[in-house]
Amino acid sequence: MTKVTLHDIKADSYVQGLIDAGNRHLAAIGFTEHGLRHVGLVSNIASNILEKMEHHERECELAAIAAYLHDIGNAVNRVSHAQTGAILAAGILERHGMPPEEIASVIGAIGNHDEMDGNPVNTISAALILADKSDVHRSRVRNPDLAKFDIHDRVNYAVERSFLRVYPKERIALELTIDTEICPVMEYFEIFLARMLLCRKAAEFLLTKFELKINDVKLL
């Protein structure tokens, strides 16, 4: 079996094709950006979470790989994209020679990252959930025309700064700066409450706490 790296996955043209296609499909139905910027950022954050919490180096790498692959299911359909992506990822990772136990960890993380039906089932999935749900920012809005915004665009565009800060063995804090003239804080919760509750579960799985601060006010 091969020690598959994030570099191997990034160099796979099939993976790149799935990410690009998924992003185009979501653009066609009005979703925010889910392309290379998103998966690259989430990959870095997921790995960083486990590294700061002193998890094994290989776990950090697997979290990065899972995060990079987590949205490939969007190339098929947004509905059940987590589970579809997990199945696609299994074939990709098997082709690269990854050991079955590592494949199982990665696809378990991918298949459980969506707030509609996901749960933290291993440390990799917990890190992926936290990293994915922390990527809320105006750079994800495809067309910055406020007159055409729906609530999802408005909430994302209102976020001027987002940062997931890890305090090892104490808490993981999502810190947001929101322009409340574009979007009141309550609209953020209307859209993202389920995501924040899943983040709380993920932090608890990692034996820590989740904190949400918006404009320097602690809300969770």
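Residue numbers for the sequence shown follow the numbering used here, so the first one is 324 and each next one is one higher. Glycine included, every Cβ here is placed at the ideal spot set by N, Cα and C.
### Message
For N371 and R488, I'd like the C-alpha separation in whole angstroms.
### Response
10 Å
### Task
Express the C-alpha separation of K492 and L530 in angstroms, rounding to a whole number.
Cα atoms of L530 and K492: separation of roughly 7 Å, rounded to the nearest angstrom.
### Task
Return the CA-CA distance between Q339 and A405, expressed in angstroms with no decimal places.
17 Å
### Query
Can the beta-carbon of I395 be found closer than 8 Å to that of L341?
yes
#### Entry: Limits of the unbroken beta strand (DSSP E) element including R494
494-501
### Message
Going by C-alpha to C-alpha distance, which of I415, H393, L469, R418 sits closest to A449?
### Response
With distances taken between Cα atoms, A449 lies closest to H393.
### Query
Hey, K536 and A481: beta-carbon distance below 8 Å or not?
Not closer than 8 Å, so no.
### Task
Could you have a look at V489 and say whether DSSP puts it in helix, strand or coil?
Here V489 sits in strand by DSSP.
### Task
Would you please state the rounded distance, in angstroms, between the beta carbons of I368 and A454? I believe it to be under 8 Å.
4 Å
### Task
Could you please give me the residues that DSSP links to V540 through a beta bridge?
I537
### Task
Taking the CB atoms as reference points, tell me whether L416 and V429 lie closer together than 8 Å.
Result yes, Cβ atoms of L416 and V429 sit closer than 8 Å.
### Message
Within a Cβ cutoff of 7 Å, which residues of the same chain sit near T328, ignoring the five residues on either side of it in sequence?
### Response
Result list for T328: E384, in chain order.
### Query
My guess is that I433 and R477 are in contact by the Cβ rule of under 8 Å, so how many angstroms apart are they, rounded?
Between R477 and I433 the Cβ distance is about 29 Å, and since that is not below 8 Å, they are no contact.
#### Entry: Near the ligand COA: D539 beta-carbon under 7 Å from a heavy atom
In the structure on display, the ligand COA does not appear, and there are no ligands present to speak of.
### Task
Express the C-alpha separation of R347 and S485 in angstroms, rounding to a whole number.
Take the alpha-carbon of S485 and the one of R347: they are about 25 Å apart.
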